[in-house]
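A.B. asks: The numbering of the sequence shown is the working numbering, which starts it at 864 and goes up by one.
Can you read through this structure? Questions will come right after.
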Amino acid sequence: MRGLGQRLALVGGLCAAAIGGLAAPPQATAAEKFKIYLSMSYIGNDWQAEAANMVKAMAAHKSMRDKVDLTIQVAGPNAQRQIQQINSMVQAGAQAIVVYPISPTALNQVVKAACAKNVVIIAYDSVITEPCAYNVTIDQEEAGRVTAQWLADKLNGKGNIVVITGVPGTSVDTLRTKAAKEVFAKYPDIKIIAEGVGMWSQAVARTELSKILATHSWDEIDGLWMQVGCFTANTMQIEAGKKPEDLKPCAGEGSNGGRIQMLPIGTEVEGANGTYTPMGAPRISYASPPYSGALALKLAVQKLEGKDIPKLTTLPLPIVTNETVKLCQEGTWKE
């Protein structure tokens, strides 16, 4: 995304870009580990849990476990608390901090101070704008733009839509929502009749949709643009008596359940039941890769070892539609 310019995958060696202006961080000897912290903000959704698990798995991998001493702290959706925690990490001797920032700008001062002490700061998914920080992300604007355009095309440029956003204040939410609304603004006959803050959580999305449905019936809604919640929206429509062929088009998250719903009716899926079942739900599905945090940790270690790493690592936008969705038969890495 982000123009899909530089794309890097989570594989062995990464393309290096020369970085100047910072003194080389101290390298660990064979007998010691790099002291690295993971600073998380809001964690009330599945994506953050998956990302954190991948960071922990990376730290425990045989290629990393003798190099990394990982400590995890959670600030919640509170910029001041995250600032305080990062300050404490630096004072405790952090050599690198992998961070999911609650704001692209609020942490800049503490990040700059950390960099001045040769602490490597690398953000994943949501970005930090302080120039000394490193960022691993997708093109969030393209995510908003592509998914909104799909929905506009699906509705033939006309209809009432519901918008469910993400975690307020993050660059991810701000950029996606801004880009999507710019697309919708090109279509005078597309009306946003309701909005909710979904916090990238299926449970919160259900709560927000329930509030919206108190004043707008499903018959008044022609489509949905949801950063997370299409699985839930489809489930709620089925619960309301809608048939699978009558489901509203939804642009949203890349959850496994949501993609199972996208499969053609009749597709055999082991363990499918209830609304976790193929129903041909009209969808475009995308997600920030949760491995971005693990990649950020890997890059942080490379930097501490004296290697150059890119200031910005832009990951590919993983788009799936009804035309491209496939059921994994083996669940293997190769597949």
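For glycine and all other residues, C-beta sits at the position ideal for the given N, C-alpha and C.
For the putative contact between Trp1088 and Leu1018, defined by C-beta atoms under 8 angstroms, what is the C-beta separation to the nearest angstrom?
C.D. replies: Not confirmed; about 11 angstroms, so no contact.
A.B. asks: Determine the closest residue to Ala1048 out of Ile1128, Gly1121, Lys1021, Lys898, with distance taken between C-alpha atoms.
C.D. replies: Lys1021
A.B. asks: Classify Lys1161: buried if its beta carbon has 16 or more other beta carbons within 10 angstroms, exposed otherwise.
C.D. replies: Lys1161 should be labelled buried.
A.B. asks: Contact check, Met917 vs Tyr1154 under 8 angstroms by CB: the rounded distance?
C.D. replies: 5 angstroms
A.B. asks: Excluding five sequence neighbours on each side, which residues of the same chain lie with their C-beta closer than 8 angstroms to the C-beta of Pro1107?
C.D. replies: Ile1101, Ile1128, Met1142, Gly1143, Ala1144
A.B. asks: If you pair each beta-carbon of the region 962-970 with each one of the region 938-948, do three or more pairs fall below 8 angstroms?
C.D. replies: yes
A.B. asks: Please list, in chain order, all residues of the same chain as Trp1063 whose beta carbon is under 7 angstroms from its beta carbon, the five residues on each side excluded.
C.D. replies: Asn908, Trp910, Gly1029, Val1030, Gln1090, Val1091
A.B. asks: Considering only residues of the region 968-1043, which uninterrupted alpha helix (DSSP H) runs meet the minimum length of 4 residues and lie entirely inside it, listed in chain order?
C.D. replies: With a minimum length of 4 residues, the continuous alpha helix (DSSP H) runs that stay inside the region 968-1043 are 971-979, 1003-1017.
A.B. asks: CA-CA distance, Asn1136 and Ile1123?
C.D. replies: 11 angstroms
A.B. asks: Given a cut-off of 7 angstroms on the beta-carbon distance, is the pair Ala1114 and Thr1095 in contact?
C.D. replies: Cβ atoms of Ala1114 and Thr1095: not closer than 7 angstroms.
A.B. asks: Would you mind reading off the limits of the beta strand (DSSP E) that contains Gly1156?
C.D. replies: Where Gly1156 is concerned, there is no enclosing beta strand (DSSP E), although the alpha helix (DSSP H) it sits in stretches over 1155-1167.
A.B. asks: Rounded to the nearest angstrom, what separates Asn950 and Ala976 at their Cα positions?
C.D. replies: 9 angstroms
A.B. asks: State buried or exposed for Val1132, treating a residue as buried only when at least 16 other CB atoms are found within 10 Å of its CB.
C.D. replies: exposed
A.B. asks: Taking only the alpha-carbon atoms, compute the straight-line gap between Gly1139 and Gly1121 and give it to the nearest angstrom.
C.D. replies: It is worth fixing the name first, because residue 1139 is Tyr in this sequence and not Gly. So the alpha carbons of these two residues sit roughly 8 angstroms apart.
A.B. asks: Between Val982 and the rest of its own chain, which residues show a CB-CB distance below 7 angstroms, the 5 nearest in sequence each way excluded?
C.D. replies: Within the same chain, Val982 has close Cβ partners Val953, Ala957, Gln958, Ala959, Ile960.
A.B. asks: Is DSSP giving Ala959 helix, strand or coil here?
C.D. replies: Ala959: strand per DSSP, three-state reduction.
A.B. asks: So for Glu1198, helix, strand or coil by DSSP?
C.D. replies: coil
A.B. asks: Taking Ala914 as the reference, which of Thr1184, Glu1071, Glu1168, Ala1159 has the closest Cα?
C.D. replies: Ala1159
A.B. asks: Could you name each continuous beta strand (DSSP E) segment of 3 residues or more that falls completely within the region 1044-1127, going from the start of the chain to the end?
C.D. replies: Fully contained in the region 1044-1127 are the following beta strand (DSSP E) runs of length 3 or more, in chain order: 1053-1060, 1086-1089, 1113-1115.
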